[in-house]
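I have placed the structure first, in the form of structure tokens, so that the comments after it can refer back to it.
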Amino acid sequence: MLKALALKELRELAPIAALGLLAYAWIVGHGMGYRVPFLNARPEQTPFVSADFVIYLTFAAIPLALALGSRQSVAESLAGTWNWLLHRPLARTRVFAVKLLVGGGVYALCTALPIVWYAAWAAAPGNHASPFFWSMTADAWLAWLTIGTAYVASFLCGIWPGRWFGTRILALAGAGTMAFFFAMAFYQSPMWPIRWIVPPLIIAGLASSVFCVARSRDFS
Numbered sequence: 001m002l003k004a005l006a007l008k009e010l011r012e013l014a015p016i017a018a019l020g021l022l023a024y025a026w027i028v029g030h031g032m033g034y035r036v037p038f039l040n041a042r043p044e045q046t047p048f049v050s051a052d053f054v055i056y057l058t059f060a061a062i063p064l065a066l067a068l069g070s071r072q073s074v075a076e077s078l079a080g081t082w083n084w085l086l087h088r089p090l091a092r093t094r095v096f097a098v099k100l101l102v103g104g105g106v107y108a109l110c111t112a113l114p115i116v117w118y119a120a121w122a123a124a125p126g127n128h129a130s131p132f133f134w135s136m137t138a139d140a141w142l143a144w145l146t147i148g149t150a151y152v153a154s155f156l157c158g159i160w161p162g163r164w165f166g167t168r169i170l171a172l173a174g175a176g177t178m179a180f181f182f183a184m185a186f187y188q189s190p191m192w193p194i195r196w197i198v199p200p201l202i203i204a205g206l207a208s209s210v211f212c213v214a215r216s217r218d219f220s
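Numbers 1 to 220, taken from my numbering, label the letters of the sequence shown in order.
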């Protein structure tokens, strides 16, 4: 049953993931020096030193995270399939845990691939005339982790039993504001580890709220 549910989620998320990977390939191609439409004509001279790659990655990762979370929650409500899902011989928390694990895994894998791909290209000799260390990818990984909060927040917005222009959107706005604040406020600060600690805490809090709503809401 769990395997069938996971495969269902993967099938439904596959088109969104494909679009995300296409956008990431566009970004990595630009970083490698290929001419691609809609991006600056000149790629960054030293990979991961300027903010270009991280900025482009962020602009692609945010809609991907929001789309994945919304597809798993809002789309179920619009299609009226919550009753079918929640009347399976599984605890509600397990159903929602599978959905979160699959959706979060798709986001994490799709967004990690361009970072690893671009870093592997930068680490290979002969591709650019500048030194490269894997530690230079830290900002890209921080963006990957921080934007992960948007996925769980959008999922929570989709199942929250309130009005959209009220308490529903509050979770997304609050999580995004908090994650962005800590990511920027402690940039180049002696307390920089906070930037890495806060996003997982936000994700854990949002996931806890998802399970709370799953147990208490009447989805009929």
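Virtual Cβ for every residue (Gly too), placed ideally from N, Cα, C.
Contacts around residue i, its chain only, beta-carbon distance under 8 Å, and the 5 residues preceding and following it disregarded
i, result
"residue 86", "92, 95 and 219"
"residue 88", "1, 5 and 95"
"residue 98", "2, 5, 6 and 9"
"residue 115", "57, 137, 140, 141 and 144"
Beta-carbon contacts of residue i that lie in its chain and below 7 Å, excluding the five residues immediately before and after
i, result
"residue 203", "148, 149 and 152"
"residue 62", "147 and 150"
"residue 211", "93 and 96"
"residue 208", "none"
"residue 79", "none"
Member of the options whose CA lies at the smallest distance from the CA of residue i
i, options, result
"residue 31", "18, 48 and 83", "48"
"residue 103", "194, 28, 175 and 66", "66"
"residue 136", "173, 118 and 145", "118"
"residue 21", "11, 73 and 112", "112"
"residue 161", "64, 79 and 214", "214"
Span separating the alpha-carbon of residue i from that of residue j
i, j, result
"residue 37", "residue 19", "16 Å"
"residue 134", "residue 143", "16 Å"
"residue 23", "residue 60", "7 Å"
"residue 29", "residue 105", "24 Å"
"residue 138", "residue 84", "43 Å"
"residue 25", "residue 33", "12 Å"
"residue 108", "residue 68", "11 Å"
"residue 156", "residue 125", "45 Å"
"residue 216", "residue 195", "33 Å"
"residue 205", "residue 130", "42 Å"
"residue 172", "residue 180", "12 Å"
"residue 178", "residue 100", "21 Å"
"residue 11", "residue 73", "15 Å"
"residue 15", "residue 90", "27 Å"
"residue 192", "residue 198", "11 Å"
"residue 201", "residue 170", "18 Å"
"residue 50", "residue 35", "18 Å"
"residue 132", "residue 175", "33 Å"
6 Å CB neighbourhood of residue i in its chain, flanking five on each side removed
i, result
"residue 70", "154 and 158"
"residue 17", "106 and 110"
"residue 82", "76 and 219"
"residue 54", "139, 140 and 143"
"residue 46", "130"
"residue 64", "20"
Whole-number beta carbon distance between residue j and residue i, since they are thought to touch under 8 Å
i, j, result
"residue 57", "residue 140", "6 Å"
"residue 122", "residue 128", "7 Å"
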